[in-house]
Amino acid sequence: MKTMTEKELIKNLAALKSASINPDWIKRNREVLSYQIFNGAEYADTKLGFFERFSLISKRVLQPTPIAAFIAVFLLVGSVFASRNSTPGEPLYIAKAISEKAQLVTAFNETSKAKLNLEFARERVAELEKVTSNETNSSEARVQELSDGFKKQIESAKARISKIESNKKAPVSEETNEVVSAEAGKADKGLEISLPAQKALEEAEKLFNEKNYNAAAEKLEEAGKQLEE
Amino acid sequence: MSKVSKSSLFGGEQVLFLRLKKHKDKQAFIEAYDLYIEQVYRFVYFKIGSKEDAEDITSMVFLKCWNYIYEGKLESHDTLKPLLYKIARNTIIDHYRQKQNRVTVPLEAAAETSDPSLDVHSAMVSNLDFQKVVQEKLPLLKEEYRDVIILRFINELSVSEIARILGKTSGNVRVLIHRALQSLQATVNQNEDHD
Numbered sequence: 000m001k002t003m004t005e006k007e008l009i010k011n012l013a014a015l016k017s018a019s020i021n022p023d024w025i026k027r028n029r030e031v032l033s034y035q036i037f038n039g040a041e042y043a044d045t046k047l048g049f050f051e052r053f054s055l056i057s058k059r060v061l062q063p064t065p066i067a068a069f070i071a072v073f074l075l076v077g078s079v080f081a082s083r084n085s086t087p088g089e090p091l092y093i094a095k096a097i098s099e100k101a102q103l104v105t106a107f108n109e110t111s112k113a114k115l116n117l118e119f120a121r122e123r124v125a126e127l128e129k130v131t132s133n134e135t136n137s138s139e140a141r142v143q144e145l146s147d148g149f150k151k152q153i154e155s156a157k158a159r160i161s162k163i164e165s166n167k168k169a170p171v172s173e174e175t176n177e178v179v180s181a182e183a184g185k186a187d188k189g190l191e192i193s194l195p196a197q198k199a200l201e202e203a204e205k206l207f208n209e210k211n212y213n214a215a216a217e218k219l220e221e222a223g224k225q226l227e228e
Numbered sequence: 000m001s002k003v004s005k006s007s008l009f010g011g012e013q014v015l016f017l018r019l020k021k022h023k024d025k026q027a028f029i030e031a032y033d034l035y036i037e038q039v040y041r042f043v044y045f046k047i048g049s050k051e052d053a054e055d056i057t058s059m060v061f062l063k064c065w066n067y068i069y070e071g072k073l074e075s076h077d078t079l080k081p082l083l084y085k086i087a088r089n090t091i092i093d094h095y096r097q098k099q100n101r102v103t104v105p106l107e108a109a110a111e112t113s114d115p116s117l118d119v120h121s122a123m124v125s126n127l128d129f130q131k132v133v134q135e136k137l138p139l140l141k142e143e144y145r146d147v148i149i150l151r152f153i154n155e156l157s158v159s160e161i162a163r164i165l166g167k168t169s170g171n172v173r174v175l176i177h178r179a180l181q182s183l184q185a186t187v188n189q190n191e192d193h194d
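Protein sequence lines, in the order shown, are assigned to chains H and B.
At position 199 of the first sequence the residue is numbered 198 (numbering that gives the first Met the number 0), and the sequence of numbers has no breaks.
At position 134 of the second sequence the residue is numbered 133 (numbering that gives the first Met the number 0), and the sequence of numbers has no breaks.
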């Protein structure tokens, strides 16, 4: 037999392709495969149960969330504590301002909010003293900013005290005469409380304008005590 | 096969691939079976040399492929044909590992004793002597050479398709094909010289 060339070899290899496969087996195997994939029995084990899916989700998605939340809370609390003695112009002063606003929002009633206004007004007085005593950190803009902050807190406190008064004044009506008479004592008491508080506030404002900061702070404390009573 | 031609009309292998990847379409997989069963069987048969084992392994290849698709592992770079061949190669390797102690009938012995009703074998032995020689000498080649000979010259896959199946570059595959062909030619001609 003669030697086979590369061309002949390739031709003979290609001829092997023409060999057909048993069609019965192809048909039978097709039916078996159809049965297997349409009934899905063979991949039942690969399906994940609810708890396995939940576990995967919690590992991939939920796990970082509490960690991030914990870090955020830790940073927030830390910065609020660190900002307690800060003055305008310092990086942490913004945290102090945010903290004050948050406290006002979360306060339960008008009395609590008014007390907070007084507390923050005293804070402005303390900050002003600190700023004016420090020659390097002192500037007109900062003094003005603190003065405005003080006045804003005083105005808010006054408005809240007025609101408390108006709420405690019972409406006069024949139908609700009993209720009115029952509430009358309390309304009078409210008026008794708020009047000295408002007077103390006005005095504190006057002292503040006179730059008598210590006396202004004392008057604010007095107003706070009146509200507590 | 009407389903194959219908599939080809609407974009052939790419449409099948998309139906399988996006919708895990069972009917699409049956169409893929019709499309690829012969070439996968041929690949397995010429590697194994046993009709029964080739049938078992080919069935297993399609089932494994479906599980692979069902689990959503079908990536965009895997078209179905290379995936089937990859699974076939791995299944053949597993088959050899599992049947290490079993007495296997080599391809040349199978040629002498096989069932005449087996169409693939009867087609081969009824052809020219050269074909019979090629068939006998194929199992003597290195595994890698046999792979490229079957894929390139019997199943007529492109070089890039073979590269994807074997995980090699097209350049490497070309070199491999050239060496495999030389090796087979040398083996066949050595036999002829002795005759």
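Even for Gly, the Cβ is constructed at its ideal location relative to N, Cα and C.
Here the structure is a predicted model, which is why all the values come from computation and not from measurement.
Here ALA81 (chain H) has LEU91 as same chain residues with Cβ atoms under 7 Å from its own Cβ, once five neighbours each way along the sequence are excluded. A buried status is given to GLU122 (chain H), since no fewer than 16 other beta-carbon atoms sit within 10 Å of its beta-carbon. With the rule of 3 Cβ pairs closer than 8 Å, the stretch 51-60 of chain B does not count as touching the stretch 146-156 of chain B. Identification of residues in the stretch 50-68 of chain B having a C-beta nearer than 7 Å to some C-beta of chain H yields GLU54, SER58, PHE61, LEU62, TRP65, ASN66, given in sequence order. About 13 Å separates the beta carbon of LEU117 (chain H) from that of ALA158 (chain H), a gap too long to meet the 8 Å contact definition.
At least one C-beta of chain H is nearer than 8 Å to the C-beta of TYR32 (chain B). Using a Cβ-Cβ cut-off of 8 Å, ILE148 (chain B) counts as an interface residue toward chain H, since at least one Cβ of chain H sits closer than that to its own. The alpha-carbon of GLY48 (chain B) is positioned some 37 Å away from that of LYS21 (chain B). A direct Cα-to-Cα measurement between ASN21 (chain H) and GLU30 (chain B) gives close to 18 Å. Looking only at H:LEU74, H:LEU75, H:ILE25, the smallest Cα-Cα distance to ALA53 (chain B) is reached by H:ILE25. Here the alpha carbons of THR78 (chain B) and ALA179 (chain B) stand approximately 26 Å from one another. Rounded to whole angstroms, the gap between the alpha carbons of LEU206 (chain H) and SER98 (chain H) is 27 Å. Cβ-Cβ distances below 6 Å link PRO87 (chain H) to ARG141, GLU144 in the same chain, with the five nearest sequence neighbours on each side left out; the list follows chain order. Here ARG173 (chain B) really is in contact with VAL158 (chain B); their C-beta atoms are around 6 Å apart, less than 8 Å. In the three-state reduction of the DSSP assignment, LEU73 (chain B) falls in the coil class. According to the DSSP assignment, PRO22 (chain H) belongs to the alpha helix (DSSP H) that extends over 22-38.
With a cutoff of 8 Å on beta-carbon distance, GLU143 (chain B) and PRO81 (chain B) are scored as not near each other. At least one CB of chain H lies nearer than 8 Å to the CB of PHE152 (chain B). In this structure, the CA atom of ARG83 (chain H) is about 6 Å from the CA atom of LYS95 (chain H).
Collapsing the DSSP output to three states places PRO90 (chain H) in coil. Closer than 8 Å to the CB of LYS16 (chain H) there is at least one CB belonging to chain B.
TYR40 (chain B) has its alpha-carbon roughly 11 Å from the corresponding atom of GLU51 (chain B). Per DSSP, reduced to three states, the secondary structure at ASP24 (chain B) is coil, with no helix or strand assignment. At a cut-off of 8 Å between C-beta atoms, GLU5 (chain H) counts as an interface residue with respect to chain B. LYS25, PHE28, ILE29, TYR32, ASP33, ILE36, GLU37, TYR40, ARG41: these are the residues of the stretch 14-41 of chain B whose beta carbon lies less than 8 Å from some beta carbon of chain H, given in chain order.
ILE70 (chain H) places its beta carbon 8 Å or farther from that of THR110 (chain H).
For LYS6 (chain H) and LEU183 (chain B), the gap between their C-alpha atoms comes out near 12 Å. In summary, ILE93 (chain H) is exposed, with fewer than 16 beta-carbon neighbours lying within 10 Å of its beta-carbon over all protein chains present. Cβ-Cβ separation between ALA203 (chain H) and LYS218 (chain H): approximately 4 Å, consistent with a contact (criterion under 8 Å). Contact note: GLU155 (chain B) reaches chain H through ALA13, LYS16, using a C-beta cutoff of 9 Å and chain order. Distance check between GLN38 (chain B) and each of H:VAL31, H:SER17, H:PHE37, H:VAL124 places H:SER17 closest, using alpha-carbon atoms only. Contact annotation for ASN188 (chain B) against chain H: THR2, MET3 [CB-CB distance below 8 Å, chain order]. Close to ASN84 (chain H), with beta-carbon spacing below 9 Å, lies no residue of chain B; the smallest spacing is near 58 Å. Residue environment analysis places ILE92 (chain B) among the exposed positions, since fewer than 16 neighbouring C-beta atoms fall within 10 angstroms of its C-beta. For ALA14 (chain H), the uninterrupted alpha helix (DSSP H) run begins and ends at 5-14, by DSSP. Residues of chain B whose Cβ lies closer than 7 Å to the Cβ of ASN108 (chain H) do not exist; the shortest such Cβ separation is about 57 Å.
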